[in-house]
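Trainee: According to the working numbering, the residues represented by the sequence shown are 797 to 1277, in order.
One structure follows; several queries about it will come next.
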Amino acid sequence: MTATPTVERAAAPPVAADIPNTPPGAMSGWRLMITAISARARAARDLDGMWLTPGARAALSDGTLVLAVDIHDAPRRWTITALRATPDGLEEAGRWERRSPLGPREINALRALLADDAAGHTVRVVAAPNEAPAACRTCGQALPAGQGLAHHTPAGHVATCRPCPVVPFGVNPGAGRCADCSGWVSAGEGLLAPAPGAPGRYRPVHHACPGQPLPGPPLRAATWCLKCRTTIPAGTGYWDRGPHHTPGHCALPADGLPRWSIRVPARESTDWTPGQVRRIRHTPTAGEPALPEGLPGGRIFADTGHMTVLAHVLDTRTTRNDATLALVRAATWTEAAPLLAAELDQALATRPDGGTFLARQVVERICGDTGWVAEITGHDPRHGLTREFLRPQTDYDQADAHGHRGVLDAWTLRPRRVYEVSSPLGPPAANWHAVRRRLGRRARVTAEHRAFVRVTAEGDIVEITEEEVQAWLAAALEWMS
Ligand SMILES: [Zn+2]
Ligand SMILES: [Zn+2]
Ligand SMILES: [Zn+2]
């Protein structure tokens, strides 16, 4: 006989039933939930199923067949009972009194009683008989060992008598939704009660359900509402896949301008203060509305909705991971005017002109650290800018014997483009041989200088700021379209 692991199926909800105790006078007895009876089964050991403790309370699939065998002494006899699980408990389906153990005749009778889907039947023990004397938690009645039920709950063992309902069992050890009102109960603030419709499971309940329960865990610090993008004061609101106002407290801002919560690029976090106007880039998440038309400086870059717009900073805050977030709204034309004018100046300054000179960017390798040159071709939602790395031509003529100095990489830069250049900044770290030995051949041993550059009409390479790159990209998009 083996305990067959049963497969959970989307069947009728399980029914709760008490597994019969061994009757007084019986010498011993056993209980078995039967899931299969093979064609060659001749004795009890050939039955497939799961052992059950006499006196336990279990949740069984409707229609489950339970076999109860009790052995009496002097004279020796066997009482064999077949029981079937119904919504009202276990019902007797067959009974045999014998002077010998279960035999082929009873097995044939059991096979006829076994449901077609018995292999899919499941059982879960809800409560075991109490091992030690206890008192019923509900009515206080004394329970000698085995007479009551011991419920194993997340808050410890709780004993009840069989007829008494299971009452809340003291403080809830974990947070969750209230079994009565579905509002949020924080850990330790409510009680623990049996979950309705799920025997053996427990959920928190309020001591007294509040008139307006919070649908999720309360927020401690002040933050911004996912729905209306206004501030939620500290100590109010709740979390449900994002911060929300207490139900009924969302206040859509009167200005009607779209708002976004964005992550401030790490290098810029010092300059973002409420009241400033900044150009922001933002990729809307699924379901977030796209950029409305006609906003100052608004432009959509990609099919993903990745966008840029001039925004007025309303508020900033720092996350636990030290990232700075900003709550912004689209700037009005009045607010945007100075920045739009500055951007136009930059765009004119960086406008592609008639220059036709090519320029040569040369970067020396230092102790194996190489530079790179990338053309900036557009915007990238993840990296800010799209870079196309260019292949260098390498010149070893002036290199020293080890190639530590004098190896030159060169790139041809064209006018009417913007580039980013990275070059190693010597001298190398004093212990650079040791660094390479420890971290590998490609470990960096020098500092790095990064700069955005472009080629002037005269063929000179000049450094430009990231704002100029942005202005150039915006202008290039305009001039190319
Ligand atoms: Zn009781
Ligand atoms: Zn409640
Ligand atoms: Zn709100």
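A virtual CB, placed ideally from N, CA and C, is assigned to each residue, including glycine.
Of the choices Pro850, Cys960, Thr1115, whose alpha-carbon is the least far from that of Pro820?
Mentor: Among Pro850, Cys960, Thr1115, the Cα nearest to that of Pro820 belongs to Pro850.
Trainee: Going by beta carbon distance, what residues of the same chain come within less than 7 Å of Ile867, once the five residues before and after it are set aside?
Mentor: Ala822, Met823, Ser824, Gly825, Trp874.
Trainee: Given this structure, state the Cα-to-Cα distance separating Ile1257 from Ala1122, to the nearest angstrom.
Mentor: Each residue's Cα considered, the two are about 36 Å apart.
Trainee: In angstroms with no decimal places, state the Cα-to-Cα distance between His1175 and Ala1098.
Mentor: Using only the alpha carbons, I get a separation of about 9 Å.
Trainee: So Ala855 and Arg920 are in contact, right, with Cβ under 8 Å, and what is the actual spacing, rounded?
Mentor: Going by Cβ atoms, the distance from Ala855 to Arg920 rounds to 5 Å, so yes, they are a contact pair.
Trainee: What does the Cβ neighbour count give for Ala878, buried or exposed, with the cut at 16 atoms within 10 Å?
Mentor: Counting Cβ neighbours within 10 Å, Ala878 comes out buried, since at least 16 surround it.
Trainee: Where Ala1132 and Cys1163 are concerned, what is the direct C-alpha to C-alpha distance, given to the nearest angstrom?
Mentor: The straight-line gap from Cα to Cα measures roughly 48 Å.
Trainee: Helix, strand or coil for Ala908? Go by DSSP, reduced to three states.
Mentor: Of the three classes helix, strand and coil, the one that applies to Ala908 here is helix, per DSSP.
Trainee: In chain order, what residues have a CB nearer than 6 Å to some heavy atom of ligand 1?
Mentor: The filter returns Cys932, Thr934, Cys935, Gln937, Thr956, Cys957, Cys960, in chain order.
Trainee: Apart from the five residues on each side of it in sequence, which residues of its chain come closer than 6 Å, Cβ to Cβ, to Val1060?
Mentor: Excluding residues within five positions, the ones whose Cβ falls inside 6 Å are Trp1068, Thr1120, Ala1122.
Trainee: What is the C-beta distance between Tyr1215 and Leu1209, in whole angstroms, given that I count them as a contact (C-beta under 8 Å)?
Mentor: Their Cβ separation, rounded to whole angstroms, is 6 Å, which keeps Tyr1215 and Leu1209 in contact under 8 Å.
Trainee: What are the start and end residues of each continuous beta strand (DSSP E) run of 3 or more residues lying completely inside the region 935-998, in chain order?
Mentor: As far as the region 935-998 is concerned, its whole beta strand (DSSP E) runs of at least 3 residues are 945-949, 952-956, 987-990.
Trainee: Using only CA atoms, which one of Arg999, Val963, Ala994 lies nearest to Cys977?
Mentor: Out of Arg999, Val963, Ala994, Arg999 has the C-alpha closest to the C-alpha of Cys977.
Trainee: Pick helix, strand or coil for His1078, following the three-state DSSP scheme.
Mentor: If DSSP states are grouped into helix, strand and coil, His1078 belongs with the strands.
Trainee: For ligand 2, is there a heavy atom less than 6 Å away from the beta-carbon of His1003?
Mentor: Not under cutoff, so the answer is no.
Trainee: Within the chosen definition, does the region 1235-1247 reach the region 1189-1197 through at least 3 CB pairs nearer than 8 Å?
Mentor: They do not touch, by the three-pair rule.
Trainee: Looking at Ala951: is its Cβ nearer than 7 Å to the Cβ of Ala941?
Mentor: In this structure, Ala941 does not lie closer than 7 Å to Ala951 by Cβ.
Trainee: What's the call for Ser896, buried or exposed, on a 16-neighbour Cβ count within 10 Å?
Mentor: Label assigned to Ser896: exposed.
Trainee: Between the Cα of Thr1114 and those of Ala983, His1200, Thr1019, spot the shortest distance and give me the residue it belongs to.
Mentor: Answer by Cα proximity: Thr1019.
Trainee: Sorry if obvious, but does the Cβ on Cys974 come closer than 6 Å to a heavy atom of ligand 2?
Mentor: Checking every heavy atom of ligand 2 against the Cβ of Cys974, one is found closer than 6 Å.
Trainee: Find the nearest neighbour of Asp814 within the set Leu906, Asp1196, Pro995, Arg1055, judged by alpha-carbon distance.
Mentor: Checking every option, the nearest Cα to that of Asp814 belongs to Pro995.
Trainee: Please list the terminal residues of the continuous beta strand (DSSP E) segment that includes Arg1232.
Mentor: Arg1232 -> not in any beta strand (DSSP E); alpha helix (DSSP H) instead, spanning 1228-1235.
Trainee: Along the beta strand (DSSP E) that carries Trp892, what are the first and last residues, could you check?
Mentor: Where Trp892 is concerned, the enclosing beta strand (DSSP E) stretches over 885-894.
Trainee: Drop a sphere of 10 angstroms on the beta-carbon of Glu804, count the other beta-carbons inside from all chains shown, and report buried for 16 or more, exposed for fewer.
Mentor: Residue placement at Glu804 is poorly supported in this model, since its pLDDT is 46, which falls under 50; the coordinates still yield a value, given next. Glu804 should be labelled exposed.
Trainee: In chain order, what are the residues with a CB under 5 Å from some non-hydrogen atom of ligand 3?
Mentor: This criterion selects Cys1021, Lys1023, Cys1024, His1041, Cys1046.
Trainee: Note down the Cα distance separating Trp1268 from Ala1247, rounded to an integer number of angstroms.
Mentor: So the two alpha carbons sit approximately 15 Å from each other.
Trainee: Tell me whether Asn904 is buried or exposed, calling it buried when 16 or more other Cβ atoms sit within 10 Å of its Cβ.
Mentor: Classification for Asn904: exposed.
Trainee: For Trp1068, name the three-state secondary structure that DSSP assigns.
Mentor: Residue state, collapsed to three classes: coil.
Trainee: Hey, how far is the Cα of Arg933 from the Cα of Val963?
Mentor: C-alpha separation (whole angstroms): 8 Å.
Trainee: Could you please give the first and the last residue of the uninterrupted beta strand (DSSP E) stretch that includes Ile876?
Mentor: Note, Ile876: beta strand (DSSP E), 873-882.
Trainee: Terminal residues of the continuous beta strand (DSSP E) containing Pro925?
Mentor: Residues 919-925.
Trainee: What is the C-beta distance between Pro1013 and Trp980, in whole angstroms, given that I count them as a contact (C-beta under 8 Å)?
Mentor: About 6 Å separates the two Cβ atoms, so the contact holds.
Trainee: Quick check: Gly1255 and Ala1155, are their CB atoms within less than 7 Å of each other?
Mentor: In contact: Gly1255 and Ala1155 (Cβ atoms closer than 7 Å).
Trainee: Short check: CB of Gly1167 to CB of Ser1218, under 7 Å?
Mentor: Yes, they are a contact pair.
Trainee: Are there 16 or more other CB atoms within 10 angstroms of the CB of Thr949, so buried, or fewer, so exposed?
Mentor: Its Cβ being crowded by 16 or more others within 10 Å, Thr949 is buried.
Trainee: Buried or exposed, going by whether 16 or more other CB atoms sit within 10 Å of the CB of Glu1259?
Mentor: So Glu1259 ends up on the exposed side.
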